[in-house]
Every structure is written in structure tokens, then in C-alpha cells.
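Undergrad: Quick one: the structure is below, questions incoming.
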Amino acid sequence: MAGNTHVPDKLHGYTLQVRHMMCELISLDLEKVVSVEALEDVAIESEDSVVVEQIKSVQSGNNPIADRSEVFWKSLYNWFQYIKNGDLSLYNTTFRFVVISNRNVTTGVIPETFHSAHTDEDAKAALKAAQDTLWGTKNELKAQVPSGYSSYLDILFNAGNLAIVTQIVKAMQIETHPSNYDDSFYKKFCSQTIPPEYAEELFTYMLGWVYERVNAQTKHGLAAYIKCKDFRDALQSQIRRYNQNGILASVATRPSEHETQKELDRQDIYIKQLGFVELDVSDKFKAANDFLRTSAEKTAWAERGIVAPQSFDDYHDGLIRIWSTQSRLVSLTPSPTNIQSGQRLYLICQDAVRTAKVQGNDTPEFFGAGSLHALANEPSHAPLIGWHPMYKDLLKASGDTNE
């Protein structure tokens, strides 16, 4: 069964903004709209409130929530400008500073007091303490403030701006994720009502879905907006795909062209069997691909508890019966040559197994064909099925049996 602790590897191929946007889209409030590069790095808008999020990734020695962090003061300055310019309302906005790190990050005294200030009095006191720390009680330290953020402090500590800055501090939150952001993100996704055995596939698909919609808007220089309802609808559509009664969905990774060619070059027994009936290289390549996909699918289904191991035995028995019946029918209407008879049997069986079921469920298109190749491959000295009427003799004559 898929657990809630293994983070799919593909997650790391997406930008932090896309990942965090999807994290915010996982919401019970379907009326919310989540944006990227509109009001902030990420913003969450509902009918009566807005949350703007400045997201900082820490992968080196810097600390964005230190007392003298340039990015910290720049964020407060930007929020002040958004309020002053009318882009945000002072009374329904939460200002969130999100720090995602691969190590523990210590929150400075100033950011911590800002985060803890929930009243006007607390916010004013926190601002005064910050000013005393950075400028000194008599501004004796002001000239020592680095130029990188001194201009921000000039605005934020200006008495004429106190009313606005106080409200920003009061509405400010600091959220830190030291080394566990992706784990928390994946657990949040898995906490939804989804089939756990398909959690990884659904998670990876929805990441791609979010990325495509963000990219479609931002590539034209626009901000990206996604409704929580649209996200939920897309997820439910995928859940229905995996939960379709009577259908086993593919969950394993497809083999690459290189992997398929490598499998073909091995010239395993089932490939040699195709050579006995003179099928061309494209047929053999498709057979190798089906064989690999089917093998991977069986392993994945069994590991996740989707299919019981004994069900594969029942399925294989059914395929052998199909092959046996079709082999007898072909022998009753012989072709001019054994090679043609073998080609005919191969094509008939390929078509016939498409309707064979596993645990009463239909299988992906490649699965029946791949299972036939598995049966045509083992045991090597006398495979359970073959295509040429004399396939066992041909294998023995070619020296490919290991009795």
C-alpha cells in the first residue's frame, strides 16, 4: 500500500512556488483562489480575506528571518507599499513569511516579536524594540546599518507610517519548514479522500496539472490564478479514472526506448520465438516493451496490494487455455507453412487476451500481450506456450534450452 511518508522523486523537478501553490490549493474552501506572482510570490484570496505569502528557500548559510536580514526588511517594506498604493487592504490581509530550509533556521528576536504581536500595543512595542536594536535608542547606530536595507528602515520606522506598519506587524505570521516541507506537503495531499494505493500517481499528476496552468499564464507575463474548486475537480476526475469499477490502471513507470532496445538485444527466449515465425523488428520491439511494462506493472500492483499474487496465477492459467484453444483451431485449418501458422496463432492470441481479466478487472492494453511473452519465455527449456508449431524442437536445436 502507498504510505504517506514517501515523497515522490518527481516533486523536486518543480519550482518552490508551484509546489507551495499546490499546497495552498488543498483546501476545504472551494471558493478560494490561489495565485502566483499576482499580489505576492503566492497569495490566497477568499471572499472576505487575503493571505499574501513571501516564500524564501534557504540552502546556504543565509538566514532570511535574522534580525538584520535584508530580505526580511524588504518584504515588510514591500507590504507597506502594497497597502499605501491600494493593492491590498490593511484590514483583511494576513502577511505571511514562509521559510523553507534544508536545515534548522533560528528566528531572530525581532521577527519573533513581530510574529507574536497580536494587538496594537504589542505591535507598537515590537516596532520600538526593533528600532532601538537597529538604530539605537538615540539613533547612534543608524549610520552603521548596511545600505542593503537602511532605506527600508527609513520608511518602516518613520513616525508618519507608524499606523500602517503597526497593522502589518500585527497581521504578520512567520512559518518555518526546516527540512520537512516536502514531507508535510505530501502528507497534506494524502490526507484528502484519495485511494492510498494510487497516492503517488495522483500527487505527481496534480503537480504537473498545476505547473501547466501556471506556465500557460506566466509565459505571457501574466500572474497565474487557479481556483481551489478547479483543482479539486481535476483531482476528482483523476480519482475516478483510478477507481473505475472493473479497470486496473497502470501505475508503473514506462520503460524508455533505450531500456526497451537493451531488452530486445538480450535476445531472450520470447524474442527468439518471434524470430521462429519471422516477425519483423518492429514487432519484436513492441513485444520487448510490452514484456517490460507488464513485468513492472505486476510488481507494482502486488507491492501496493492492488492485486493478490495468486490472481496472477489464475490469469496466466486463463491465457494458457486461450493459447491452447487457438492453437488447436489453427491446426485444424493449416496454413501453407509452419511460419504462417505461427504468425496467425500469434496475432489471434494477441487479440483474444485483450478481454482477459485480472480479479474480474480489465487490464491496460499492453498487459495481455506482455503476459503472453512472459509465458513464452519460461521455463527456458520448454516454455509454456509458443508460436511456431515446432517451437520446442527449434529451441532445442538452437541450443537455447537449459534442461
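To convert, note that position 203 of the sequence shown is 203 in UniProt numbering; the numbers rise steadily by one, no gaps. Backbone N, C-alpha and C fix where the C-beta goes; we use that ideal spot for every residue, glycine too.
1. Return the first residue and the last residue of the alpha helix (DSSP H) that Y181 is part of.
2. Output yes if chain D places a C-beta closer than 8 Å to the C-beta of V36; else output no.
3. If we count the other Cβ atoms within 10 Å of its Cβ and call it buried at 16 or more, is Q343 buried or exposed?
4. Taking C-alpha atoms, which residue in Q238, A382, L162 and K357 lies nearest to L90?
5. For residue 420, does the three-state DSSP call read helix, strand or coil?
6. Does the distance between the C-beta of I320 and the nearest non-hydrogen atom of the ligand ATP fall short of 7 Å?
7. Do you know how far the Cα of L274 is from the Cα of Q326?
8. Quick check on the DSSP output: the beta strand (DSSP E) that includes M172 runs from which residue to which?
9. What would DSSP say about V330, mapped onto helix, strand or coil?
10. Around the C-beta of L372, are 16 or more other C-beta atoms found within 10 angstroms, so that it is buried, or is it exposed?
11. In the DSSP output, what is Q54 paired with across the bridge?
12. Could you give the residue range of the alpha helix (DSSP H) that holds I155?
13. Quick one: what's got a C-beta closer than 6 Å to residue 418's C-beta in the same chain, skipping five residues either side?
14. Measure the Cβ-Cβ separation of L375 and I320 and say whether it is below 8 Å.
15. In angstroms with no decimal places, state the Cα-to-Cα distance between Q17 and A369.
16. Work out the CA separation of Y242 and S147 for me, nearest whole Å.
17. In this structure, what does DSSP give as the bridge partners for Y205?
18. Have a look at V50 and D362 and give me their C-alpha separation to the nearest angstrom.
19. Helix, strand or coil for N215? Go by DSSP, reduced to three states.
20. Compute the Euclidean distance between the alpha carbons of N338 and V277, then round it to the nearest angstrom.
21. Does the contact criterion of 3 or more C-beta pairs under 8 Å hold for the segment 124-138 versus the segment 204-219?
22. Who are the Cβ neighbours of W387 in its own chain at under 6 Å, not counting the five residues just before and after it?
23. For K228, which residues of its own chain have a beta-carbon under 6 Å away from its beta-carbon, when the five flanking residues on both sides are left out?
24. Using a Cβ-Cβ cut-off of 7 Å (strictly less than) and excluding sequence neighbours within five positions of V169, which residues of its own chain qualify?
25. So what's K392 in DSSP terms, helix, strand or just coil?
26. If you scan the segment 229-304 from start to end, which runs of the alpha helix (DSSP H) of 4 or more residues do you find wholly inside it?
27. Rounded to the nearest angstrom, what separates residue 425 and T176 at their Cα positions?
28. Can you pull the DSSP bridge partners for I44?
29. Which partner residues of K227 appear in the DSSP bridge assignment?
30. Taking only the alpha-carbon atoms, compute the straight-line gap between L329 and S250 and give it to the nearest angstrom.
31. Report the option in A171, W323, A308 and E200 whose CA atom is closest to the CA atom of E121.
32. To the nearest angstrom, report how far apart P383 and A252 are at their CA atoms.
33. Rounded to a whole number of angstroms, what is the C-alpha to C-alpha distance between T218 and N180?
34. Use the C-beta contact count for S151: other C-beta atoms within 10 angstroms, 16 or more gives buried, fewer gives exposed.
35. Taking the alpha helix (DSSP H) that D351 falls in, what are its first and last residues?
36. My output table needs one value for N104: the three-state DSSP class, helix, strand or coil.
TA: The answer reads as follows:
1. Y181 to C190
2. Among the chains of the structure shown, chain D does not appear; only one protein chain is present.
3. buried
4. L162
5. What is shown of the chain runs 1 to 403, which leaves residue 420 out entirely.
6. Among the components modelled here there is no ligand, and therefore nothing to report on the ligand ATP.
7. 17 Å
8. M172 to P178
9. helix
10. buried
11. F97
12. S147 to L156
13. Examination of residue 418 is not possible in this model, given that the chain is present from 1 through 403 alone.
14. yes
15. 42 Å
16. 56 Å
17. None; Y205 has no bridge partner.
18. 47 Å
19. helix
20. 8 Å
21. no
22. Q273, V277, G342, L345 and Y346
23. The residue you asked about is not Lys; residue 228 is Cys in the sequence shown. Closer than 6 Å at the Cβ level, and outside the excluded window around C228, lie L25, S27, L30 and K32.
24. F114, A117, A123, A126 and L127
25. helix
26. 257-265, 269-276 and 281-303
27. Within the shown structure, residues of the chain are numbered from 1 to 403, placing residue 425 beyond reach of any answer.
28. V34 and V51
29. V33
30. 33 Å
31. A171
32. 26 Å
33. 28 Å
34. exposed
35. N338 to A352
36. coil
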